[in-house]
Structure formats: structure tokens, C-alpha cells
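Peer 1: So that we are looking at the same thing, I have put the structure below in C-alpha cells.
Numbering (full-length UniProt numbering), first residue to last: 1 to 308.
Structure (C-alpha cells):
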């Protein structure tokens, strides 16, 4: 993630800055897409298990990776991989692109207004940028997320079809509401998760960069700390958003609105039901987030060394 130059950056973009800004924006998007693809492919078996546990499609024993492999074969562990990459690779690209653009806009606005760039201001900018980044990708790509859940869990309609045919079948059978079922609680979950995950990662990265003894050391070591920073930021984001995410996922495979699904879940499984799949999610999210940020840092150093 591009590190903000908050102290002595210019208050407005000159003509000479425009090509560099465009190049850096393109690099952020491409690097984000690459990081999303790498992390999703590597952790797809964990995602399949997580979604089955979260949506109540089987017991913990029947949804273990070994059990899925033994009863359904290796292909079941990678069910929905194409939809997962198609949804999350561009989502990550948009996340990093929008995060960098919003953070830069806020920085420039503060510089133009002569506002001090205190630690609190940097934290506020990072959290706001993360929230906007999460919402932008959700709004554009949620239909693919809905199809992904159906493919991984064997839910109704389009579960066994390909990407394009699956989306068309959902729209034909259920309309636009079927494509966006569960989007509202998902958005409510995405705002704090994206804000905390991207915001805390960026703050930790800036903290590390300011304490590096030289620019050469900072660039050379940037990828290694991203693994640890990704773990910490993902854990913080999941702790806040997980119950809302459980309800939104169940809304995709069940009938009813947010409150109806939440009440049914509480009635059937109690408070523990809102944390079904938390262990599987944690096991998947930590390596996925670490790989994602690590791949992003590596890609940015290759595509835009000056912005890495």
C-alpha cells in the first residue's frame, strides 16, 4: 500500500505530477488484482470449508478438508475458484486503488487547508479511506460474491453452473434482488472490516517506514513486515464484523430479510450461531490477508518502485 507523504507533499497536483499519479494508480490496481488472485487461489480450500460451516451446510466433522477430499474429491476443495478469483481479484484492485486515491485526496485537502497532519489525522484518513474502498468494491462486485457462496455451499439456483450462466440464471429466477440478497448487512459488515483492516495495516506500515534507518532498508524490508501487519489487521477487522458477515452469508442461501434471518439463527443456535465458522474464518483470513498484502508489496516494488 502506498505510503503517504504527509509532511512536505504539495497541496495540489501539477501537470508534471499527473502522469506519475496515473501510473501509480494503475500500478495500485494491477498490484491489487494480482494480490487478490494469488491469495484466493492459495486459500480456496479453506474458504470452501469456512462457507459450509458458516451457512450450516454440515457438521464440523463433515466439513473438514480431509472429509471433503475423501467424499467429494479434490475438485470440491476448489469449488467456486473461478468465481472467487473473478470477484476478489478486481475487488482487491479496486480496494487498493480507491484507498490510495481517497487517502491522497484527504491529504491534499489537509495540506490546502493548512491543517496539521497529526497521528490522529493520519489514523482518521486511513480509516475513512478503508471504509470507502470496501464499499466501492462491494457495490460493484457483490453479485459475484453471491454466486460464490451458492457454488461453495450447494445453495439454491446456479450452484453448479459456470460464472456467466450462473449469474444469468440467478437474475432470470430471482431478479436483481437475488443478485444482491444480503448486500445490506454485508455492507454494514464491510465498513468496519475494511476500515480497520486497511487502516490499521497502513498505519503499521507507515509506523515501520518512519522508523526505518534508510530508504533503502525500508524498500528492501517492506514485504517481510507486511506478513505480520496483514495478520494483525485482518484479525482486528474480523473481530468487529464477523457476526454481521454470518447473517449476510445465510441470507444468500435462505429466504427472509436481515432481522428474520438473524432471529431464526438466534432461535436455532443461540449466540454461538453468530460465530459459526469463526475458527475456520480465522484460519483462512490470516494467511490470505498476509499473502494479499505481501503480494501487493512485491508487485508494487516491481511496477512502481518509487511508490512502494
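Ideal Cβ placement from N, Cα and C applies to all residues, glycine included.
From residue 99 to residue 38, what distance separates their C-alpha atoms?
Peer 2: 20 Å
Peer 1: What's the C-alpha gap between residue 219 and residue 301?
Peer 2: Reliability of the predicted coordinates at residue 219 is poor, the pLDDT of 49 falling under 50, and no value is obtained from them.
Peer 1: Please report the straight-line C-alpha distance between residue 95 and residue 199, rounded to a whole angstrom.
Peer 2: 12 Å
Peer 1: Quick check on the burial criterion: 16 or more other C-beta atoms within 10 angstroms. Buried or exposed for residue 221?
Peer 2: Unreliable placement is indicated for residue 221, whose pLDDT of 49 sits below 50; the coordinate value is still reported in the next sentence. So residue 221 ends up on the exposed side.
Peer 1: Counting only the same chain and skipping the five closest in sequence on each side, list residues whose C-beta sits under 6 Å from that of residue 281.
Peer 2: 50
Peer 1: Let me know the secondary structure DSSP gives residue 181 once reduced to three states.
Peer 2: The DSSP-derived three-state label of residue 181 is coil.
Peer 1: Given a threshold of 16 other Cβ atoms within 10 Å of its Cβ, counted over all protein chains shown, does residue 150 qualify as buried or as exposed?
Peer 2: Residue 150 should be labelled buried.
Peer 1: Verify the contact flag: residue 231, CB atom, against every heavy atom of the ligand SAM, threshold strictly below 7 Å.
Peer 2: The ligand SAM is absent from the structure shown, which contains no ligands of any kind.
Peer 1: Taking the alpha helix (DSSP H) that residue 276 belongs to, which residues open and close that run?
Peer 2: For residue 276, there is no enclosing alpha helix (DSSP H), since its DSSP letter is neither H nor E.
Peer 1: Could you give the distance in angstroms between the alpha-carbon of residue 284 and the alpha-carbon of residue 97?
Peer 2: 24 Å
Peer 1: Rounded to whole angstroms, what's the CA-CA distance from residue 40 to residue 84? Just pull it up for me.
Peer 2: Those two C-alpha atoms are separated by around 7 Å.
Peer 1: Would you kindly report the start and end of the unbroken alpha helix (DSSP H) that includes residue 100?
Peer 2: 81-113
Peer 1: I want to know whether the region 126-135 touches the region 70-84 - three or more CB-CB distances under 8 Å.
Peer 2: no
Peer 1: Going straight from the alpha carbon of residue 230 to that of residue 295, what length do you get?
Peer 2: 11 Å
Peer 1: How would you write the range of the alpha helix (DSSP H) that residue 255 sits in, first residue to last?
Peer 2: Where residue 255 is concerned, there is no enclosing alpha helix (DSSP H), given that its DSSP letter is neither H nor E.
Peer 1: With DSSP as the reference, label residue 289 as helix, strand or coil.
Peer 2: helix
Peer 1: Straight-line CA distance for residue 269 to residue 279?
Peer 2: Those two C-alpha atoms are separated by around 17 Å.
Peer 1: Take residue 180 as the anchor and find which of 207, 187, 204, 142 has the nearest alpha-carbon.
Peer 2: 142
Peer 1: Using only CA atoms, which one of 124, 182, 241 lies nearest to residue 203?
Peer 2: 124
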